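Each remark here refers to the structure printed beneath this line.
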Amino acid sequence: MIIQFLKSLIFSATILLSSLTFANEKFDFVDTSTPTHTLSSFVVSSDLVIHYWLNEELHLPKAQHAYSQVIRTLDISQLPNRSRKVVVMEKIVLLHGILEKLGDHRQLHLSEFISAAGEPVEQWRLGNTDIVIAKQTNGEKAGQFLFTASSIQHLLKWYQSLSVISGQDETVKDLYREFLIRPGPLFSTALIQSLPDNFNTLYASIPLWQWIALAGVFYLCKVMIKLSFSLGERWNLYWYRDGLKWQIGRQLSLIGVVVILFITRKLIDDGIWITGGIYQFLSTSFLIGQFFFVAWLIMTIFNYFAELYVFNKHEGKYVDSSLITVLARIFGGLTIAILGIYVVDFMGFSISPIVTGLGVGGLAVALAIRPVLENVINGLTLYADGGIKIGELCRYGNNLGTIESIGLRSTRIRTLERSLITIPNSEFANMEIDNLERRDKRRMEHRLKLRNEVTQDQLKLLVVGIRRLLLQHPKLDEDPVRARFVGVGEFAIHIDILAYIICRDHDEFLAVQEDVMFSVMQQVEAVGAQLAFSNQYQLTQALNPIDDELKEKATETVKQWQDNNNYPFPDFSYEFKDGIKDSIMYPAKSSAVRANGNG
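The sequence shown runs 0 to 598 under numbering that gives the first Met the number 0.
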């Protein structure tokens, strides 16, 4: 007992002497030029840091300076979560405790070995331990002597081993146990010390009060995350009628979740102040959670701006534009990948093996995902070619359908039966695609069947009237226009009508065709002709006789054409066509779609 006391006294005197030496020389920065200076610098600076920590003054500038100088003596490049003060403080307390336990046996032993480059590298071993101070051979700290990264990672093992060998002196405060029990800078130490003693009992190296605090923080975090998503949904419902521009509830929810996780981790890091493997697990879990929600937030932001661009481009009508969506996803994915590299480095892991692994396994990965890459490349080719777009009616192979989406892997098509077909891009790009929406005009073709009782003059008058109608209509192309008597069938006289409607939209085509057919029916009635029906229909219902007066009127009109040298067969004169072109009002003056009834 006396010998141990003398050892402690000698060790304390050595530390005091070193402190006085550093104080007299007024060193502002630690000296790492030799192993001895590194060791002495750590002892002096760690004493200051521990002093400020015990007095709850780590926030002071002097304490921060001393903390930064201690770190300069340590190689923490391989320490996970090295940016967290609680992690580094644990290593400082452990190494300080090891030096105290070694006492006058903390001399440095020189050892040499030959490096891969053939140059000797010197190392100094602390006492009979594996704790090493080594000269840095590369990097920005080359030439300095630091406690090695491997030594820093095994400090807890050596601290426990030395505690078993040397025993625990009850007169000496166990700083490491004090470190485990004490809270971080955010919480009051006096408050924790006022708790009953059983709250400081260690369970898996963590006191009971920290387990209780963790459970409370996690429960509160869960409630706040649910509240954040609920408020985001309420936001979208409230601004639903004001358009897509204000539909940012999901983005606000995710921002709230990220902030909640950040605050929770801050409470754990600087408040509850847990350490060891449990802290590393929780820290990694929180970082993964934060990365997940930040990645989700990034994708929603890119998608939101893509949708907003399409929404504004189409004047307030939301249209799914897959090209913009895919580009948004690509840029969002690249941003997340860059963020992921930063997160890996932030966690204390080296990204060099990851990059090397990608280089070695790149060929195997490329071969494995070749079909996926083919689909992606063909999907981008479909966009670049511009042959199809979302919402267009296309004929592909022997099928017909409307393009609903063009993704990175496949294209989705809504058939006329309203079923949804998914075709891989690599297959769809090689099909013969007939884009029906890209027609500059759409063909209208019908066959009129008239009763055999119609006279030739009535037939001629009807054909001329239909031709005139087709030329007059403003939505029909002037060439080709056809209304021809094509023959006599078994039960009817046939007239073929053909014209091209100047439109692309299918609904507009049907509307114009409807207007033309109404006018054709008026021409049929005007000459006194009647449509022919099936034989069964004629047997069950008596047919109205053709008006003789209209027959005579048709004969008289045809005779006037012949007498005036204005016979419109085989076609109208060019002057007549030009004179009647676009002379019909469409839509009609009384139509609801014509504003104020004006043309």
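Every residue gets a Cβ at the ideal spot worked out from N, C-alpha and C, and that includes glycine. Being a predicted model, the structure only gives us computed values, none of them experimental.
Contacts around residue i, its chain only, beta-carbon distance under 6 Å, and the 5 residues preceding and following it disregarded
i      : result
Gly596 : Note that Gly596 scores 47 on pLDDT, short of 50, meaning its location in the model is unreliable; the coordinates nonetheless yield the value given after this. Excluding positions up to five away in sequence, the list reads Lys588.
Thr20  : Unreliable placement is indicated for Thr20, whose pLDDT of 42 sits below 50; no coordinate value is reported for it.
Arg83  : Asp268
Ile273 : Ile205, Gln209
Ser11  : For Ser11, the pLDDT reaches just 45, beneath the cut-off of 50, and the residue's location in the model is therefore unreliable, although a value from the coordinates is still provided. For Ser11, where only same-chain residues beyond five positions count, there are no Cβ hits under 6 Å.
Thr37  : Thr31, Thr72, Ile132, Phe144
Gln512 : Met443
Backbone CA spacing between residue i and residue j [nearest angstrom]
i      : j      : result
Ile604 : Val485 : With the chain covering 0 to 598 only, the question about residue 604 has no answer from this structure.
Gln455 : Lys550 : 9 Å
Glu431 : Asn377 : 14 Å
Asn429 : Thr410 : 13 Å
Lys25  : His153 : Caution is warranted here: a pLDDT of 43 is assigned to Lys25, below 50, making its placement in the model unreliable, and no coordinate value can be reported.
Asp129 : Ser149 : 9 Å
Thr147 : Gly215 : 38 Å
Arg467 : Met584 : 14 Å
Ile405 : Ala294 : 23 Å
Val519 : Gly390 : 32 Å
Lys90  : Tyr218 : 30 Å
Arg483 : Asp495 : 5 Å
Ser45  : Thr31  : 15 Å
Met443 : Leu435 : 14 Å
Ile387 : Leu415 : 18 Å
Leu107 : Gly332 : 51 Å
Thr554 : Glu507 : 38 Å
Lys61  : Glu177 : 22 Å
Val86  : Phe427 : 55 Å
Val463 : Pro567 : 7 Å
Glu373 : Leu379 : 10 Å
Val480 : Phe517 : 17 Å
Ser606 : Ala327 : It is not possible to answer for residue 606, since the shown part of the chain is limited to 0 through 598.
Given residue i as reference, the closest of the options once Cα atoms are compared
i      : options                        : result
Arg124 : Gly138, Ser76, Phe144          : Phe144
Lys244 : Trp208, Gly183, Val309, Leu509 : Val309
Ser284 : Glu489, Tyr499, Thr263         : Thr263
Lys156 : Gly96, Val69, Glu513           : Gly96
Ile422 : Glu416, Leu415, Arg408         : Arg408
Leu266 : Leu379, Gly231, Leu213, Phe290 : Leu213
Val375 : Asn424, Ser162, Gly385         : Asn424
Ile271 : Leu236, Gly288, Val342, Leu185 : Leu185
Lys140 : Asn397, Arg71, Thr200, Val87   : Arg71
Val487 : Val515, Ala531, Arg438, Tyr237 : Ala531
Leu253 : Glu373, Glu232, Arg240, Val43  : Glu232
Cys502 : Arg438, Arg328, Phe41          : Arg438
Leu381 : Leu399, Asn397, Val325         : Val325
Ser282 : Arg81, Ala528, Ile323          : Arg81
Tyr202 : Gln192, Asn451, Ile151, Gly276 : Gly276
Classification of residue i by the beta-carbon crowding that lies within 10 angstroms, buried from 16 upward
i      : result
Asn23  : Note on Asn23: pLDDT 41, under 50, position unreliable in the model; the coordinate value appears next. Burial call: exposed.
Asp74  : buried
Phe261 : exposed
Val69  : buried
Glu524 : exposed
Ala336 : exposed
Ser582 : exposed
Lys441 : Position check: residue 441 holds Arg in this sequence, whereas Lys was assumed. Arg441 comes out buried.
Ile340 : exposed
Ile164 : exposed
Lys474 : buried
Pro600 : Outside the displayed span of the chain (0 to 598) sits residue 600, for which this structure offers no information.
Ile402 : buried
Cut-off 8 Å between Cβ atoms - residues of its own chain near residue i, not counting five sequence neighbours on either side
i      : result
Tyr536 : For Tyr536, the predicted structure reports a pLDDT of 49, less than 50, and the residue's modelled location is therefore unreliable. The matter cannot be settled from this model.
Ile259 : Cys220, Met223, Ile224, Ser227
Ala591 : none
Thr188 : Glu55, Arg181, Pro182
Phe330 : Phe301
Gln63  : Leu57
Leu307 : Leu243, Lys244
Lys580 : Leu470, Gln471, Glu477
Contacting residues, own chain, Cβ-Cβ under 7 Å from residue i (five flanking each side not counted)
i      : result
Gln250 : Leu296, Thr299, Ile300, Tyr303
Leu93  : Leu154, Leu155, Tyr158, Tyr175
Leu538 : Summary for Leu538: the model assigns pLDDT 48, below 50, so the residue's position carries little reliability, and this model does not support an answer.
Val342 : Leu286, Phe290
Leu5   : Only weak support exists for where Leu5 lies, its pLDDT of 40 falling under 50; the value from the coordinates is given anyway. For Leu5, where only same-chain residues beyond five positions count, there are no Cβ hits under 7 Å.
Ile500 : Lys440, Arg441, Met443, Lys474, Leu475, Phe508, Val511, Gln512
Residue i at chain D interface by Cβ criterion, 8 Å
i      : result
Ala327 : No chain D is part of this structure, which consists of one protein chain only.
Cβ-heavy atom distance, residue i to the ligand ATP, below 7 Å
i      : result
Glu555 : Judged by which ligands are present, the structure shown has none, so any question about the ligand ATP falls away.
Q. Are three or more beta carbon pairs between the segment 45 to 63 and the segment 129 to 147 nearer than 8 Å?
A. Because the criterion of three Cβ pairs below 8 Å is not met, the segment 45 to 63 and the segment 129 to 147 do not touch.
Q. How about the segment 446 to 461 and the segment 556 to 571: do they share at least three Cβ pairs that are nearer than 8 Å?
A. With a cut-off of 8 Å, the segment 556 to 571 and the segment 446 to 461 count as touching, because enough Cβ pairs lie within range.
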